[in-house]
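Undergrad:
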Amino acid sequence: MPPIVAIIGRPNVGKSSLLNALAKRMVSIVDPTAGVTRDRVSTTIELAEARKNKPARHIELIDTGGYGIEDSQNLTEHVERQIDHAITQAQVILFVLDAQTGIVPLDQEVARLLRKQGGEKRVILVANKVDSTKQEALVPELMRMGFGDPVAISALTGHNVGDLRERLLESIDFDLIPDDQPADTGMLLAIVGKRNAGKSTLVNALAGQDRVIVSEVEGTTRDSVDVRFQIDDHVFTAIDTAGVRKRKSIKEDIEYYSTHRALRSVRRADVVVHLIDATVPVSQVDQQLAQEVLKHFKPCIVAVNKWDLVKDPSKKEEFVEYLDKELRGLNFAPIAYLCANKGEGVRDLAAMALNLHAQASHRVPTSELNSVMEQVLKEKPPTSKSGRFPKVYYVTQLATNPPTVALFVNTPQFFDNSYQRYLLNRMRDLLPFSEVPIKLVIRARRTNRGESEA
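Going by the working numbering, the first residue of the sequence shown is number 416, and it counts up by one from there.
1) Determine, using beta carbons only, whether G608 and I691 come nearer to each other than 9 Å.
2) Who pairs with S457 in a beta bridge, going by DSSP?
3) Could you tell me the alpha carbon to alpha carbon distance between Y671 and F712, rounded to whole angstroms?
4) When burial is assigned at 16 or more other CB atoms within 10 Å of the CB, is D513 buried or exposed?
5) Assuming contact is defined by CB atoms lying nearer than 9 Å, are L846 and T811 in contact in what I supplied?
6) Roughly how many whole angstroms lie between the Cα atoms of T819 and V779?
7) Can you tell me the Cα-Cα spacing of T815 and Y809, whole angstroms?
8) Give the C-beta separation of Q506 and V420 to the nearest angstrom, bearing in mind that I take them to be a contact with Cβ-Cβ under 8 Å.
9) With DSSP collapsed to three states, give me the class of I568.
10) Have a look at V688 and I857 and give me their C-alpha separation to the nearest angstrom.
11) Whole angstroms are fine: how far does the CA of F651 sit from the CA of K740?
12) Thinking C-beta only, is F830 closer than 9 Å to R374?
13) Just to confirm the assignment, what range does the beta strand (DSSP E) spanning T652 have?
14) Quick check on V451: does DSSP put it in helix, strand or coil?
15) List the endpoints of the continuous beta strand (DSSP E) containing A718.
16) Alpha carbon to alpha carbon, how far is Q702 from R743? Give it in angstroms, no decimals.
17) By the three-class DSSP mapping on this structure, what secondary structure does N756 have?
18) Is R580 near A463, with beta carbons less than 9 Å apart?
19) Just verifying my parser: in three-state terms, what is the DSSP assignment at R643?
20) Using CA coordinates, which residue listed in N575, R425, G613 is at the minimum distance from D546?
21) How far does the beta strand (DSSP E) with D763 in it extend, from its first residue to its last?
22) With H, G and I counted as helix, E and B as strand and the rest as coil, what does DSSP make of Q812?
23) Does R425 pass the burial test, meaning 16 or more other C-beta atoms within 10 Å, or should it be called exposed?
24) Please report how far the alpha carbon of R660 lies from the alpha carbon of L557, in whole angstroms.
25) Using C-beta distances below 6 Å, list every residue in its chain close to P852, excluding the 5 sequence neighbours before and after it, in chain order.
26) Counting only the same chain and skipping the five closest in sequence on each side, list residues whose C-beta sits under 8 Å from that of A438.
27) Since M602 sits in a beta bridge, which residues does DSSP pair it with?
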């Protein structure tokens, strides 16, 4: 596992910008509003490329919430608990200060916390918002913090970020680390749903620890947070996402980026867990998420959370019919019944995810596909009002994840949407893709000159 580097500081000093600058990509949401980052947002980066006779070097960067945040949703205690976890785990701590405002009382509070936890010897002081060499005159004052010479950078413009990377390389004794290569992420499992469905509770139950903040307050999670965990011999990375809202309800830039990242997590995922709150009706947001899953042909588990609170839990069959009606198009997806805050149903959910990923990764031999298609066409051939005879020349699987099946035919127009739905349903019945979406491609086969298509 790579060594852990934690980014610590008060709100609005640019911690999230620093994470993105070191990672060279957008990982954490950046916004002038204090308290945007709440959970531990982590990513593994390559700190130095492989050089002659030297391997590449990697670290795991952790961005924490701002220490001392005055949170309008009363999550301050939760945020600071996550900061404590990060300090305890880190081999190196980047203590970020705002060079333009200088030292403020809250910076001194962070310094006391670091000393209390014995972290002062692991600290690199970072003077952020130094946009040019002229502003470096602001830096010497920060040495009063007692953590040595600061590294003057601008996370936003990238000024001197390379110097910070070199300082990190000097501070970590990689010879004492047997393996600093990025850990296997395993299966990517996106947890999506509307607000307050229990996504963070489920992630913590899967991980077996309080890895993300759980609160009854809507909108607690803002970034998409990757949490790696292992069940038996199987490795997973759960992506805890922000709760999705109706577009017209998105009032702030923070909510816009949170929702955008939640939807992007669907595209990243190997398997999507669509979390439904059993105690409230399926909403328009739930339906929009179902369509997003279908749009990207993602294997999906419809996970019904808080099932223990349902007045008559014996009526599962009725609930299945209700979900089929409300989440149109997802009737092939398996359903898991959970009580995430008690950890009930969590291992079954993981087993379902493994099964779906195996289905989506399966490749069917061309001969078997053609045999199945011959049977399906005999049962119900496509029709044409033009008098021409629709014909399938052959079938082949083009790809996996999603299973992509191509039909080479004489006239694609004969295979309308209604007939394609019939084909997909029968293919799920007869092929090992019963619970995953199949991408169907209808193509016209080029014929040799003089060959008849009819």
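Backbone N, C-alpha and C fix where the C-beta goes; we use that ideal spot for every residue, glycine too.
TA: The answer reads as follows:
1) The Cβ atoms of G608 and I691 lie closer than 9 Å to each other.
2) Partner(s): I477.
3) For Y671, the pLDDT reaches just 45, beneath the cut-off of 50, and the residue's location in the model is therefore unreliable, although a value from the coordinates is still provided. About 24 Å.
4) Burial call: buried.
5) Going by C-beta atoms, L846 is not nearer than 9 Å to T811.
6) Going by the C-alpha atoms only, they are around 10 Å apart.
7) Approximately 18 Å, taken between the alpha carbons.
8) Right, their Cβ atoms sit about 7 Å apart.
9) In the three-state reduction of the DSSP assignment, I568 falls in the coil class, being assigned neither a helical nor a strand state.
10) The C-alpha of I857 is placed about 30 Å away from the C-alpha of V688.
11) Each residue's alpha carbon lies about 31 Å from the other.
12) The question about residue 374 has no answer, for the chain in this structure spans 416 to 869.
13) 649-655 is the extent of the beta strand (DSSP E) around T652.
14) In this predicted model, V451 has a pLDDT of only 40, less than 50, meaning its place in the structure is not dependable; the value taken from the coordinates is given anyway. It is coil, neither helix nor strand.
15) Counting along the chain, the beta strand (DSSP E) containing A718 begins and ends at 715-720.
16) Spanning the two alpha carbons is a distance of roughly 8 Å.
17) In the structure shown, N756 falls within a helical segment according to DSSP collapsed to helix, strand and coil.
18) One thing to note: R580 has its Cβ within 9 Å of the Cβ of A463.
19) Here DSSP, grouped into helix, strand and coil, assigns R643 to strand.
20) The shortest C-alpha separation from D546 is found at N575.
21) It is not in any beta strand (DSSP E) - D763 instead sits in the alpha helix (DSSP H) that spans 761-775.
22) It is a strand residue.
23) It is buried - the Cβ of R425 has at least 16 other Cβ atoms within 10 Å.
24) Confidence is the limiting factor: at R660 the pLDDT is only 49, short of 50, which leaves the residue's position unreliable and the question unanswerable from this model.
25) Excluding sequence neighbours, P852 sits near F712, P817.
26) Short of 8 Å from the beta carbon of A438, and not among the five residues preceding or following it, lie these beta carbons of its own chain, in chain order: T458, I460, L476.
27) Answer is F651.
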